[in-house]
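**Q**
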Amino acid sequence: MKIKNLLLFLVSITFVSCVFTEELYIKKDGSGSYAFKMDMSKMLVAMNDMGSENDSIKKEPEKIDSILYFKDILEDKKDSIAKLSKEEQEVLKSLEDLKIHLKMDEEKNQMNMDFLYEFNNVNELKNMNDRVQKAQAMSDKKQQKNNFQTNTDVEYEYRDDTFTRKVTLKKLSKEAQEEYENNMKQASSMFDETLYRIVYHFDDKIKSVSIEGATLSDDKKTLTIEMPMDTVMKNPFLLNFEVKLK
């Protein structure tokens, strides 16, 4: 299976028993890097178990370590993109510097896929999840039908030694709202045993965090928050919080 096809397949299937990690490295000047990481090792084990039951011929364990650049996808789809509205074209162009790192080792039962993006200001990350979803749909027509829709976006702000993560409601059409509600009915089973983790790194020490359950590193510069994915899907506003830095 080609790398690009494998990546598109992975983002379109159900992530059972996976770990999603939203990781930020934020410098004093507000620039930094964003990563949305998917640890799908348990899913790989399940997939291999299913495959071994159907395959009579033993195959060599596959090993992949590859990076896919979204600018290449944009180039491949430039004719289709030219037919979109100016607003949609701008949204897709904003993903030009996005990269996907896929690392899989069947012998060690490890599979990770990371979406990577560098920014000059955290404001650039506004609606990042929505933009990535649109890019996925653009990459595969089948993905347009299977794409899991949400009714929220995430905004980030870093000002005067204060970092804020804020979840906001989208303005959905009646059809999109119905689709979202149908998705939510399946969320509990879809994200069974799935964990959502937030890891934020700062240059300065953290003075306080306005959310219960957050843990700090020994040097007080990194915070970690973990929550069941189905809980996040049902009430994403639980991950609204503020970080005060020293």
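Residue numbers (the numbering used here): 2 to 247. Using N, Cα and C, we set each Cβ at its ideal position, and we do this for glycine too. Just so you know, these numbers come straight off a predicted model, no measurement behind them.
By the three-class DSSP mapping on this structure, what secondary structure does Phe-192 have?
**A** coil
**Q** Exposed or buried, what is Gly-214 when buried is set at 16 or more other beta-carbons lying within 10 Å of its beta-carbon?
**A** exposed
**Q** Compare the Cα-Cα distances from Glu-23 to each of Ile-74, Val-200 and Lys-222 and report the closest residue.
**A** Val-200
**Q** Within 10 Å of its beta-carbon, does Phe-164 have 16 or more other beta-carbons around it, so buried, or fewer, so exposed?
**A** So Phe-164 ends up on the buried side.
**Q** Could you check whether the segment 24–44 touches the segment 116–134, counting it as contact only if at least three pairs of C-beta atoms, one from each stretch, sit closer than 8 Å?
**A** yes
**Q** Can you tell me whether Phe-238 is buried or exposed, with buried defined as 16 or more other CB within 10 angstroms of its CB?
**A** exposed
**Q** Runs of 3 residues minimum, wholly inside the segment 192–237: which ones carry the beta strand (DSSP E) assignment?
**A** Runs found: 196–203, 207–210 and 223–229.
**Q** Which same chain residues end up closer than 7 Å to Gly-31 when comparing Cβ atoms and leaving out the 5 residues on each side of it in sequence?
**A** Asn-122, Val-123 and Tyr-159
**Q** Return the CA-CA distance between Ser-209 and Glu-89, expressed in angstroms with no decimal places.
**A** 39 Å
**Q** When burial is assigned at 16 or more other CB atoms within 10 Å of the CB, is Asp-40 buried or exposed?
**A** buried
**Q** Taking the beta carbon of Tyr-157 as the centre, do at least 16 other beta carbons fall within 10 Å, making it buried, or is it exposed?
**A** Buried.
**Q** Take the Cβ of Tyr-197 as the centre, count every other Cβ of all protein chains shown within 10 Å, and call the residue buried at 16 or more, exposed below.
**A** A buried status is given to Tyr-197, since no fewer than 16 other beta-carbon atoms sit within 10 Å of its beta-carbon.
**Q** Closest by CA to Ser-42, which one among Thr-225, Leu-75, Thr-232 and Asn-110?
**A** A check of alpha carbon separations from Ser-42 across Thr-225, Leu-75, Thr-232 and Asn-110 identifies Asn-110 as the nearest.
**Q** Excluding the 5 residues preceding and the 5 following Tyr-26 in the sequence, name in chain order all residues of the same chain whose CB lies nearer than 7 Å to its CB.
**A** Gly-33, Ser-34 and His-202.
**Q** Alpha carbon to alpha carbon, how far is Leu-103 from Met-228? Give it in angstroms, no decimals.
**A** 24 Å
**Q** By DSSP, does Lys-247 sit in helix, in strand, or in coil?
**A** The DSSP-derived three-state label of Lys-247 is coil.
**Q** Going by DSSP, which residues form a beta bridge with Lys-104?
**A** Asp-66 and Asn-113
**Q** Report yes or no: is there a C-beta of chain D within less than 8 Å of the C-beta of Glu-61?
**A** The displayed structure is made up of one protein chain only, and chain D is not part of it.
**Q** Would you kindly report the start and end of the unbroken beta strand (DSSP E) that includes Lys-127?
**A** It is not in any beta strand (DSSP E) - Lys-127 carries neither H nor E in the DSSP assignment.
**Q** Just curious, the alpha helix (DSSP H) that Asp-73 is in, first and last residue?
**A** 71–77
**Q** Given this structure, state the Cα-to-Cα distance separating Asn-183 from Leu-93, to the nearest angstrom.
**A** Distance from the CA of Asn-183 to the CA of Leu-93, rounded to the nearest whole angstrom, comes to 27 Å.
**Q** Alpha carbon to alpha carbon, how far is Pro-62 from Gln-178? Give it in angstroms, no decimals.
**A** 43 Å
**Q** Looking only at its chain, what residues have a beta carbon closer than 6 Å to the beta carbon of Ile-226, apart from the 5 residues adjacent to it on each side?
**A** Ile-199 and Ala-215
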